[in-house]
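Residue numbers (the numbering used here): 963 to 1383.
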């Protein structure tokens, strides 16, 4: 631990011990789909809570919708990087680059005009028109995956045989990388997102392999461009104006591959499990398939298993709920807790498949909101539409209590989603 990290951790501990209790984070939960019991108490009594992380360092936790949205929308602050003396998550500072922010060479601008420039270039690909054009191909892929799952027999693991494969095939096609390499991508993604799952040696080896792979892929696209996102970014970078460097192209490719399949794959499994654990929800969609779009938004809001939450490193003093958080504080924004805030959502603990409007914060807010949210929404809608149409009798093959959460990663999910039909 660096001296700056030691000082920050101690300062955070002193401050929290004077004004609030310090609770262990992540918070405890009961079932894999259940909300932590502490959320409501924290929102009511301690909306800026002091938390102790697995590393032993300390941070602040926000659980109210207004506070989470306000901080995530603040352009001054971004996810901690290697240059920030932020609170560490994992014991001994071990963790993947998405956890530690220590990949200095292969990193992207996080604030200011350089960040806005990067977003402008990449967002050209994620237009509503392009997502609409991708939809028929996604549906055909989803139908093929369902057919293969049915042919394989029941019970089946919906996450492994459907939820994981659909988004990985889509993002591989978008990036122009071979979908046959999806097992390698999954391992590399888990390593980048690892808190406690891998040793630092395993993480470093996976990171090197991932960088080498993507560097080779970018070189191949330079020589033989095609109609994919990487080719488009290379073309823009080689043209007039400010483009991406080779290192930024590598970082962009790696980040999109991880974000483009890991979180959506987990969300497909969680969404289906939420709908099947109380099968009246599934029946409601069978009776009215037009609810799919609002049902997807409600599943995103209702999700209690998002993962660690979005982190922000304060580079200047900020006042939240009457408490001044000093520069150097690490803040964790719990979008899932904010999405159960009764001051914003009527009956927040009820899964209302027709809920509208639905201002959930799963994709963040402001200048750092998820670039690929239109893609994720499209994939979730297609996945649900195809499953409802092809497997109307779908049900969980195990009791809800037998579902287990993904552990040791920055993102949340279910280890398996056993189903039958």
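Cβ coordinates follow ideal geometry from the N, Cα and C atoms, glycine included.
The beta carbon of residue 1270 lies closer than 6 Å to those of 1372 in the same chain, with the five residues before and after it left out. Shown here, residue 1304 sits in coil according to DSSP, grouped into three states, outside any helix or strand.
In this structure, residue 1304 sits away from residue 1090, with a CB-CB distance that is not shorter than 8 Å. Of the other Cβ atoms in all chains shown, fewer than 16 fall within 10 Å of the Cβ of residue 1331; this residue is therefore exposed. Assignment of beta-bridge partners to residue 1022 by DSSP yields 1012, 1293. Distance from the CA atom of residue 1279 to the CA atom of residue 1029, rounded to whole angstroms, is 15 Å. Under the three-state reduction of DSSP, residue 1129 is assigned to helix. Nearest to residue 1126 by alpha-carbon distance, out of 1152, 1227, 1172, 1206, is 1227.
Shown here, residue 1275 sits in a strand according to DSSP, grouped into three states. Residue environment: residue 1318 is assigned as exposed (fewer than 16 neighbouring CB atoms within 10 Å of its CB, all protein chains considered). With 16 or more other Cβ atoms inside 10 Å of its own Cβ, residue 1144 counts as buried. Residue pairing by DSSP places residue 1381 opposite 1118, 1358 in a beta bridge. The alpha-carbon of residue 1310 is positioned some 21 Å away from that of residue 1011. Annotation: the continuous alpha helix (DSSP H) that includes residue 1246 extends over 1241-1249. As far as DSSP is concerned, residue 1215 takes part in no beta bridge. Distance check between residue 1218 and each of 1181, 1132, 1001 places 1132 closest, using alpha-carbon atoms only. Leaving aside the five residues that flank residue 1224 on each side, the residues in its chain whose CB is nearer than 7 Å to its CB run, in chain order, 1151, 1155, 1373. Within the same chain, and ignoring the five residues on either side of residue 1264 in sequence, the residues whose Cβ sits closer than 8 Å to its Cβ are 1236, 1301, 1313. Rounded to the nearest angstrom, the gap between the Cα atoms of residue 1382 and residue 1358 is 6 Å. Across the structure, residue 1161 and residue 1054 are spaced so that their CA atoms are roughly 11 Å apart. Residue 992 has no beta-bridge partner at all, per DSSP.
Straight-line measurement puts the Cα of residue 1149 at about 26 Å from the Cα of residue 1326.
Only exposed fits residue 1188, as fewer than 16 other CB atoms lie within 10 angstroms of its CB.
Closest in alpha carbon position to residue 1086, among 1190, 1242, 1142, is 1190. Counting along the chain, residue 1062 sits inside the alpha helix (DSSP H) bounded by residues 1059-1062. In this structure, residue 1153 lies near residue 1169, with their beta-carbon atoms less than 8 Å apart.
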